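K.L.:
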Amino acid sequence: MNTALKTEYFEDQEKRFTVAGDTPEVLTDIYQDNCNMAVWLRQLPSEFIARLSQDLRDRPLMNTVLEVGAETIVDDLVGVAEDREYGAQLRGYMAEVIDMFCVLFDADKVGVRLTVLTQAMCPRFHYDRVPCRLVTTFSGAGTQWIADELIDKTKLGHGSNGKPDEFSGLIHRTSDIQALACGDVALLKGDTWEGNEGKALIHRSPPIEAGECRLLMTVDFTQ
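FYI, the numbering for the sequence shown is 5 to 227, going by this note's numbering.
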């Protein structure tokens, strides 16, 4: 598997590309018609990641589902990890990207999930039936994805006949699979984004090694 993020552009407007950059401004590229994923290559402090990862192994956080207002982000997150010494730092990182999502899409409220995972949540490649979703991992491996032209879409879902992705014919080469790094902030364009029907980003949760905990945050539009 290729874990080095590639920034790809295609002259063919029917193909989708991914873009990545070192500053959060790169996330605005999601508005480009043929951009399927925009990634801010955010580097979290190694001390924070190590402390968080160790703590999750010792006593996992409770999964959290919240509706967060654009004007009340800090207040709405106040109960998250409040009993952990890194809680304020974690809430700060969460608030930063939630605010970016709200500003970018002019959203008054968003749905936020903070999930502790000890096994892959969505282990098969799939696409999201949403306009756009933000994903970021604070601990553990990042989300995996693969370009449209490198897979056989007829093998998605029931087309796999119950076989794992690596054996269903969906993937031609496992080396084509790419992955986000811990700390990266990504916007994944979904199937209900206007003009993106049938072309949403194909992705999946990464395998999780025994004893590892993954802390994933997602941000979505509310209904």
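Just so it is clear, CB atoms sit at the ideal spot from N, CA and C, and this is done for glycine as well.
No experiment lies behind these values; they were computed from the predicted model shown.
For my contact list, Phe142 and Met41 are in at a C-beta cut-off of 8 Å; report their separation, rounded to the angstrom.
P.N.:
With 8 Å as the limit, Phe142 and Met41 do not qualify as a contact, their Cβ atoms being about 19 Å apart.
K.L.:
For the alpha helix (DSSP H) that Gly91 lies in, which residues bound it at each end?
P.N.:
It spans 91 to 109 - the alpha helix (DSSP H) in which Gly91 sits, taken as one unbroken run.
K.L.:
When burial is assigned at 16 or more other CB atoms within 10 Å of the CB, is Thr7 buried or exposed?
P.N.:
With a pLDDT of 46 at Thr7, under the threshold of 50, the modelled position of that residue is not reliable, and no figure is offered here.
K.L.:
Which of helix, strand or coil does DSSP assign to Leu60?
P.N.:
If DSSP states are grouped into helix, strand and coil, Leu60 belongs with the helices.
K.L.:
Check whether the region 199 to 214 touches the region 143 to 157, counting contact only when three or more Cβ pairs, one atom from each stretch, lie closer than 8 Å.
P.N.:
Yes, the region 199 to 214 is in contact with the region 143 to 157.
K.L.:
Starting from the Cα of Leu118, find the closest Cα among Asp112, Val139, Pro135, Phe105 and give me that residue.
P.N.:
Among Asp112, Val139, Pro135, Phe105, the Cα nearest to that of Leu118 belongs to Val139.
K.L.:
According to DSSP, simplified to helix, strand and coil, what is Leu121?
P.N.:
Leu121 falls in the strand class under three-state DSSP.
K.L.:
May I ask whether a heavy atom of the ligand SAH can be found less than 6 Å away from the beta carbon of Val134?
P.N.:
As for the ligand SAH, it is missing from this structure, which has no ligand bound.
K.L.:
How about Leu174 and Leu192: do their beta carbons lie closer than 7 Å?
P.N.:
Cβ atoms of Leu174 and Leu192: not closer than 7 Å.
K.L.:
Flag this pair as touching only if the region 182 to 202 and the region 30 to 40 have three or more C-beta atom pairs under 8 Å; answer yes or no.
P.N.:
Flag = yes, the region 182 to 202 and the region 30 to 40 touch.
K.L.:
To the nearest angstrom, how far is it from the Cα of Pro49 to the Cα of Ala92?
P.N.:
Their backbone Cα atoms lie some 14 Å apart in a straight line.
K.L.:
Using the Cα positions of Thr196 and Asp62, report the straight-line distance between them to the nearest angstrom.
P.N.:
About 40 Å.
K.L.:
Where does the unbroken beta strand (DSSP E) through Ile175 begin, and where does it stop?
P.N.:
Element bounds for Ile175: n/a, residue is neither H nor E.
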